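Novice: Handing you this structure, nothing more for now.
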Amino acid sequence: MEDWEKAYQALPGEPYLQVLEKIHAALKPKTYLEIGVQYGFSFCLAGPQTFAVGVDPNPCIQTDLHAWSRIYRQTSEAFFISYPGDPFDLIFIDGLHQYEAIVDDFCNAEQYCTPQSIILIHDTIPLSAESSKKDFDPGFWTGDVWKIVPTLLQARPDLTIFTIACPPSGLTVIKGFGKSEGISSEVVDQFREKEYAWIESRKKTALGVVENREDIWMPLLLNKKS
């Protein structure tokens, strides 16, 4: 509980679910993919105008769904191998909180993007060395998801990338697809062994952090001048 309190103190403002809800309202995506549905609290934010696809090997939906929805009870790896559908307007990645898994999810998800698509990745601002370790912890744990952001900033200068400092652990926005694709293995290897000590003093620049204010991040999302 202490780490959760610290996380909300470190990142004030609207929690990520409220930010995600506003993103849905602003974009009104026709198609939406969510990796890591769990209880459905983020998946349910897709509106009735959206065809929403969820992927989770063990979903446990505890809320009403408003979109035309389909949930695949499988890993994201299995889903991307077999899914025959069209591209997605909005993709939210909140699956296995490990760097290698996030790299795979991003690269696979990009194959379902158009130049107008947007990918969101949760848990990209680490709180501490303990909560951002690679191995699962049943308490407050974000894993080493954060490594995907400096990886992409270095490997993919063609993309627009920024991280909203919303509690408890940030939300990264990635857009501008269509000019290139994938991540080089050399860059992945470069960040694989980075520890929290490396990111601790450079979070704002290395993660592209922007303030958790709608008047700041919304224009970036919509390509409008603030």
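Position one of the sequence shown corresponds to residue 1 (UniProt numbering), numbered consecutively onward.
We put the beta carbon where it would ideally sit given N, CA and C, even for glycine.
From a predicted model like this one, the values you see are computed outputs, not experimental measurements.
If residue 183 sits next to residue 206, beta carbons under 8 Å apart, how far is it from one beta carbon to the other, in whole angstroms?
Specialist: That belief does not hold up - the Cβ atoms of residue 183 and residue 206 are roughly 16 Å apart, past 8 Å.
Novice: In three-state DSSP terms, what is residue 24?
Specialist: In the structure shown, the three-state DSSP call for residue 24 is helix.
Novice: Between the Cα of residue 48 and the Cα atoms of 195, 65, 120, 87, which residue gives the shortest distance?
Specialist: 65
Novice: Return the CA-CA distance between residue 79 and residue 55, expressed in angstroms with no decimal places.
Specialist: 7 Å
Novice: Kindly indicate which residue of 103, 133, 157, 137 has the alpha-carbon position closest to the one of residue 148.
Specialist: 103
Novice: Leaving out five residues before and five after residue 4 in sequence, what residues of the same chain have Cβ atoms less than 6 Å from its Cβ?
Specialist: Cβ within range, chain order: 140.
Novice: Taking the DSSP output, what are the residues bridged to residue 54?
Specialist: 34, 71
Novice: Check for me: the beta strand (DSSP E) holding residue 171 runs from which residue to which?
Specialist: 171-175
Novice: Can you tell me which of the three DSSP states residue 65 falls into?
Specialist: DSSP places residue 65 outside both helix and strand once states are collapsed to three, so it counts as coil.
Novice: So the beta strand (DSSP E) residue 161 belongs to, where does it begin and stop?
Specialist: Run containing residue 161: 160-164, per the beta strand (DSSP E) assignment.
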